[in-house]
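With numbering that gives the first Met the number 0 applied, the sequence shown has no gaps in its numbers, which climb one by one up to 325 at the end.
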Amino acid sequence: MTGPDLDQFTAVLPDHLHCPVCLGAAYPPVVACSREHIVCHGCLESMCKKGLQPLCPTCREPVPATLKISPGFTRAIESYSYKCDKGQCKWVGSVGDVPQHLKDSCKYREVECLCSAKYLVKDRAAHGVECPLTSLFCPRGGKACSGVTRSGMFLRRDLAAHEKVCTMYKCPYNCNTYTTAANLVAHQKSCSALRLRIKSLERKLAISEDLVRTYQELGKKRHAVQKGAQGRAPEGSGDDDVVVEEQGPAKRKRVRQASALEIMTLESSDGDDLEARVPGEAMGRSGRRRAAFGTRGRRASSGNRKGAQSGGDPSPSLSEKGIVVE
């Protein structure tokens, strides 16, 4: 172990604070001789492990048996700001606080997992997703799965073995059946046929509901049309129309009943024309015939009147010819 890297200090460290062995900062500064030459603790410890009498690297004086750290040099080195040397870490502080920073707050220091994998502290969560020694619950049933221990957890490396005994495989057809993977295949064969039958019935039900809604809408429209018709007077109706209203529980009809010659006024006393008022609505075949007959009657009456005015004999009336007018 060598002293702190000189490049990590934010300011240039004086030469008398350098370690003559590793050429880094002499921290922690250990007094190596009576002249108080200092060496970093790591380098002096390495020299002592060789089994020989260590000598001061500066003056070659034997290092005393009892080692001590210089408080003055310690304060001098710690007064310089030091940057964390772990990757992209932005921490800056005293070189004496580096061990605590690496232990508690540095996210870029490397650590080793129980599975022997090494990763940065910031990647601990990502490693936990794939670490074979991570304890986890059943991915399907959690603690409710009967294929795990009483605690409901097992190691990720045992996941493949758990898949064979897990009882929380759910039927994909939403029939609320939970079973093992081996039994699920046989269950799906029988459940799929029932599922198809249910879908068929659901489609038929949807069609029936659409028909019911359609009939309801048609009924509403029909009711609106009938209600509007009740407020309108029949077209072509006049004084000569006979309107018969026939009202039922669900509908109202208006029927015009009028024939061509059912309403007729005969005024023969003073020689007036025979008037037959025919409604404008469509008449039956007999109505048209009667209307034609009425026209011929009016022509004959007009001819008789002209004859009477000219002094000729008047033509016989309809009643004299034996024609009955209805």
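In this text, a Cβ means the ideal position worked out from N, Cα and C, and glycines have one as well.
Only a predicted model underlies this, so the values are computations on that prediction, with no experimental measurement involved.
In angstroms with no decimal places, state the Cα-to-Cα distance between residue i and residue j.
{"i": "Y214", "j": "V224", "result": "15 Å"}
{"i": "C105", "j": "D96", "result": "12 Å"}
{"i": "V211", "j": "R202", "result": "14 Å"}
{"i": "L66", "j": "G50", "result": "16 Å"}
{"i": "L16", "j": "R108", "result": "27 Å"}
{"i": "V128", "j": "R156", "result": "12 Å"}
{"i": "K188", "j": "A180", "result": "14 Å"}
{"i": "P19", "j": "P3", "result": "13 Å"}
{"i": "A24", "j": "L135", "result": "47 Å"}
{"i": "K117", "j": "E111", "result": "4 Å"}
{"i": "R288", "j": "Q229", "result": "Summary for R288: the model assigns pLDDT 48, below 50, so the residue's position carries little reliability; its value from the coordinates is reported in the next sentence. Whole-angstrom Cα-Cα distance: 33 Å."}
{"i": "L154", "j": "T133", "result": "6 Å"}
{"i": "L5", "j": "K163", "result": "59 Å"}
{"i": "D14", "j": "D84", "result": "21 Å"}
{"i": "E216", "j": "I197", "result": "29 Å"}
{"i": "P28", "j": "F72", "result": "6 Å"}
{"i": "C55", "j": "E44", "result": "12 Å"}
{"i": "H345", "j": "G86", "result": "Residue 345 is absent from the model: the chain starts at 0 and stops at 325."}
{"i": "H100", "j": "Q52", "result": "36 Å"}
{"i": "S199", "j": "C190", "result": "14 Å"}
{"i": "E208", "j": "G218", "result": "15 Å"}
{"i": "C174", "j": "M152", "result": "27 Å"}
{"i": "L12", "j": "G92", "result": "15 Å"}
{"i": "T1", "j": "P61", "result": "21 Å"}
{"i": "I76", "j": "V30", "result": "15 Å"}
{"i": "L183", "j": "A192", "result": "15 Å"}
{"i": "K142", "j": "A205", "result": "41 Å"}
{"i": "G227", "j": "R221", "result": "10 Å"}
Can you tell me where the alpha helix (DSSP H) with residue i in it begins and where it stops?
{"i": "S207", "result": "A180 to Q229"}
{"i": "K121", "result": "Per DSSP, K121 belongs to no alpha helix (DSSP H) and is neither H nor E."}
{"i": "K163", "result": "L158 to V164"}
{"i": "K102", "result": "V97 to D103"}
{"i": "A75", "result": "P70 to E77"}
Note the first and the last residue of the continuous beta strand (DSSP E) segment covering residue i.
{"i": "G92", "result": "V91 to S93"}
{"i": "K82", "result": "S80 to K82"}
{"i": "M152", "result": "M152 to L154"}
{"i": "L135", "result": "S134 to F136"}
As a quick exercise: from the options, pick the residue whose alpha carbon is nearest that of residue i.
{"i": "S69", "options": "C39, K85 and Q52", "result": "C39"}
{"i": "C144", "options": "D157, M167, K163 and L158", "result": "M167"}
{"i": "S33", "options": "C42, G140, P63 and G92", "result": "P63"}
{"i": "V94", "options": "D103, R74 and Y172", "result": "R74"}
{"i": "S80", "options": "G71, E208, G86 and W90", "result": "W90"}
{"i": "P138", "options": "H126, A159, A125 and R196", "result": "A159"}
{"i": "C130", "options": "P28, K82, K226 and L113", "result": "L113"}
{"i": "G140", "options": "H161, A124 and K121", "result": "H161"}
{"i": "K121", "options": "V30, K220, C88 and A192", "result": "C88"}
{"i": "S78", "options": "L183, K142, H222 and Y26", "result": "Y26"}
Can the beta-carbon of residue i be found closer than 8 Å to that of residue j?
{"i": "H186", "j": "C170", "result": "yes"}
{"i": "H36", "j": "T57", "result": "yes"}
{"i": "C21", "j": "C47", "result": "no"}
{"i": "Y172", "j": "R194", "result": "yes"}
{"i": "K102", "j": "Q7", "result": "no"}
The ligand MN heavy atoms versus the CB of residue i: any closer than 7 Å?
{"i": "A160", "result": "Looking at this structure, you won't find the ligand MN or any other ligand, since it has none at all."}
I'd like to know whether the C-beta of residue i is nearer than 8 Å to at least one C-beta of chain C.
{"i": "A159", "result": "Among the chains in the structure shown there is no chain C, since it carries only a single protein chain."}
### Task
Within the segment 0 to 68, note down every full beta strand (DSSP E) run reaching 3 residues or more, in order along the chain.
Restricting attention to beta strand (DSSP E) runs no shorter than 3 residues, the segment 0 to 68 encloses them at 28 to 30 and 37 to 39, ordered along the chain.
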